[in-house]
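Protein chains: 2
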Amino acid sequence: MAIERRTTRQKEAIKTVLDEQKGPLLPDDIHRLAIKTVPSLGIATVYRSLKNLQEEGLVCCVEIPGQAPRYERSDKGHHHHFHCRDCGQVFDLQKCVAGGLKNLAPAGFEVTDHEIILYGTCKACSS
Amino acid sequence: MAIERRTTRQKEAIKTVLDEQKGPLLPDDIHRLAIKTVPSLGIATVYRSLKNLQEEGLVCCVEIPGQAPRYERSDKGHHHHFHCRDCGQVFDLQKCVAGGLKNLAPAGFEVTDHEIILYGTCKACSS
DNA sequence: TTGATAGTGATTACCTTTTATCAATATAGC
DNA sequence: GCTATATTGATAAAAGGTAATCACTATCAA
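Top to bottom, those sequences are chains A and B. Position one of the first sequence corresponds to residue 1 (this note's numbering), numbered consecutively onward. Position one of the second sequence corresponds to residue 1001 (this note's numbering), numbered consecutively onward.
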């Protein structure tokens, strides 16, 4: 049978952090933010919770090339990301140009999904 | 002064492998292919050569999220990649929809460049 | 309140990719 | 051919991120 899940301050703090963000976070970011609520929180618990939240379908993994996986709520719908080269933060984008993408692939190639990442300077860093 | 470079069978074999490919290769792929020409080739030499070729501007790095860096000739011009989920290979794409991308970013965000990755099944794997 | 046990935190172990080491070898100028 | 030294290959070891361990703690049904 499935393992009985218990509600803990740690998991709640982690979920709250993920709820309040505008983009995907690194495990370390989550740890640093959630520790404000639960000072004793260990990094291992962050990894464990992320794993559980992923299995439960509440959180998904976002990967920027060359960087460690980030995590965000999975109920945001289809979207892509912007990576600020200045501060390193990743932001969610609202729109998608997926329509034009299908015909990028050569004949015989079946496109099932895609990833778009914009790079540049975020609002805070460019002002 | 700059270090004197010498021509070796190893470097030539690595460059030849990179010249003949249709997409970026993993260091391990390069090693496996180049070893046909120079059987004694060690993986360390592949890494060293890739580093040198990058510094010389002849080779650039391509990263697919969640995977190790791949390498390809840097004279291919602007293009993107297709990752086959079946065989794992990465292929170059010829076209780009960069035009529509600028307005994906919110106001205040400066987009300097972008990455597009298509996922699916390549021609060989889908037939 | 109590007890069974899921969860935690500190730490260690791990895994994969990449780099450093170093003796041996190959290159290129003379 | 000879020599100085750049390069190589096998190996060890680093680096970064993640998972396993284990004694202790917290949760929650009874």
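We put the CB at the ideal spot given by N, CA and C, even for glycine.
The Cβ-Cβ distance between L1093(B) and H1114(B) does not fall below 9 Å. Within the stretch 27–43 of chain A, no residue has a Cβ lying closer than 7 Å to any Cβ of chain B.
Beta-bridge partners of V1062(B) (DSSP): R1070(B).
For V97(A), the nearest beta carbon of chain B is closer than 9 Å to its own beta carbon. For I35(A), no beta strand (DSSP E) segment is defined, and its DSSP state is neither H nor E. Taking C-alpha positions only, H83(A) is separated from I1043(B) by approximately 32 Å. Going by beta carbons, R1085(B) and G1023(B) fall outside the 9 Å limit. Of all residues in the stretch 1052–1080 of chain B, only C1061, V1062, E1063, I1064, P1065, G1066, Q1067, P1069 and H1080 come within less than 9 Å of chain A when Cβ atoms are compared, listed by chain position. About 5 Å separates the CB atoms of P1065(B) and P65(A); that is less than 8 Å, so the two are in contact.
For L104(A), no pairing in a beta bridge is given by DSSP. Between the stretch 109–123 of chain A and the stretch 1041–1056 of chain B, the count of C-beta pairs closer than 8 Å stays below three; the two stretches do not touch. Listed in chain order, the non-local C-beta contacts of C1125(B) below 7 Å within the same chain comprise C1084, D1086 and C1087, local neighbours out to five positions each way being set aside. A distance below 9 Å separates the beta carbons of Q1010(B) and A1034(B). In the DSSP assignment, E55(A) falls outside any beta strand (DSSP E) and within the unbroken alpha helix (DSSP H) covering I43 to E55.
Under DSSP, L1118(B) forms a beta bridge with H114(A) and F1082(B).
Bounds of any beta strand (DSSP E) do not take in V1017(B); it lies within the alpha helix (DSSP H) bounded by R1009 to D1019. Residues of chain A with a Cβ closer than 9 Å to the Cβ of V1017(B) do not exist; the shortest Cβ-Cβ separation is about 22 Å. Shown here, D75(A) sits in coil according to DSSP, grouped into three states, outside any helix or strand. By DSSP's assignment, L25(A) forms a beta bridge with Y71(A). Residues of chain B whose Cβ lies closer than 9 Å to the Cβ of G120(A) are, in chain order, A1105, F1109, E1110, V1111, T1112, D1113 and H1114. Burial state of E1020(B) is exposed, judged by a 10 Å Cβ sphere holding fewer than 16 other Cβ atoms. Taking CB atoms only, G1100(B) has a neighbour in chain A less than 9 Å away. Taking a beta-carbon distance threshold of 9 Å, S49(A) does not count as an interface residue toward chain B. Per DSSP, the continuous beta strand (DSSP E) segment holding V90(A) begins and ends at V90 to D92.
In the structure shown, the three-state DSSP call for I1003(B) is coil.
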